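Here's the structure, in structure tokens; my notes come after.
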Amino acid sequence: MELGKIDKGIATLIAAGIAAVISIFTLMLTLFFNRKSEIRSARRKSLEEFIYDVADSVHQLIAISNILLKNKTPESRSNWTDKANKAKMKLKALRPKIRYALWGLDKPIKVLTRLPDYTQYTLESDEVSKKTVKRGSNLGDALDNCIRKCYLNGRSPRFYEIWWLRFLAWKCEKPRNEYKLERDKKLEKQS
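Quick note on the working numbering: the sequence shown kicks off at 2 and runs consecutively.
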């Protein structure tokens, strides 16, 4: 059959078939993207009521740890310890609520709630306490950035973001744990 000699009925049938295939394909794409949009909207909505409190608590814990590092008197440290405990309790209360929306960020959040305690524990060594606070600040900034991206894009944390935040959490705990080992060895030798 030559192209010029095709019957008008067959040509119409072929055109209608092509149009039907294209419309079905368009329908499937529309359904796919609408579903994706609904999921993104639902994830964003699940974070909406917690995002400001989480961000506030994260920044409070970092700021209080920096202040604890700079304060030298026990009285002022006591005052800031009370504030740290309030921020810690607030973030600890939020953690179970955001656990599923931000799956994989549980450990970094848990480490961040302990940052003021780690800072106070290592205050005898300026070098270790400064390193702990610096690494805690890096963890808090990365956590804040990840949560912001998850909210803006309506998604869960990506694998590489979870891995990076867990690495930063481990890195934040490392100076404190090494300090504790050294301190325990010294105490063993003394007794």
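The C-beta atom is built at its ideal place from N, Cα and C for all residues, glycine as well. None of the values given here were measured: they were computed from a predicted structure.
Compute the distance between the beta-carbons of residue i and residue j, then report whether it is under 9 Å.
{"i": "Leu-256", "j": "Ile-163", "result": "With the chain covering 2 to 192 only, the question about residue 256 has no answer from this structure."}
{"i": "Gln-121", "j": "Thr-82", "result": "yes"}
{"i": "Lys-190", "j": "Asn-139", "result": "no"}
{"i": "Val-129", "j": "Ser-66", "result": "no"}
{"i": "Asp-118", "j": "Ala-85", "result": "yes"}
{"i": "Gly-155", "j": "Arg-44", "result": "yes"}
{"i": "Leu-70", "j": "Lys-108", "result": "no"}
{"i": "Ile-99", "j": "Phe-160", "result": "no"}
{"i": "Leu-144", "j": "Leu-166", "result": "yes"}
{"i": "His-60", "j": "Gly-141", "result": "yes"}
{"i": "Leu-92", "j": "Ile-68", "result": "no"}
Please report the residue range of the alpha helix (DSSP H) in which residue i lies.
{"i": "Lys-172", "result": "160–191"}
{"i": "Thr-13", "result": "9–71"}
{"i": "Tyr-152", "result": "127–154"}
{"i": "Ser-77", "result": "75–99"}
{"i": "Thr-114", "result": "107–114"}
Since residue i and residue j should fall inside the 8 Å C-beta cutoff, what is the C-beta to C-beta distance between them, to a whole number of angstroms?
{"i": "Thr-114", "j": "Leu-62", "result": "7 Å"}
{"i": "Val-112", "j": "Ala-64", "result": "No, Val-112 and Ala-64 are not in contact; Cβ-Cβ is about 17 Å, not under 8 Å."}
{"i": "Ala-102", "j": "Ser-24", "result": "Contact doesn't hold; Cβ gap of about 37 Å is too wide."}
{"i": "Ser-157", "j": "Trp-104", "result": "6 Å"}
Cβ of residue i less than 9 Å from any chain B Cβ?
{"i": "Ala-12", "result": "Annotation note: the requested chain B is absent from the structure, which comprises a single protein chain."}
Using a Cβ distance threshold of 8 Å, determine whether the stretch 147–161 contacts the stretch 48–66, with at least three qualifying pairs required.
In short, these stretches touch, since the Cβ pair count reaches three.
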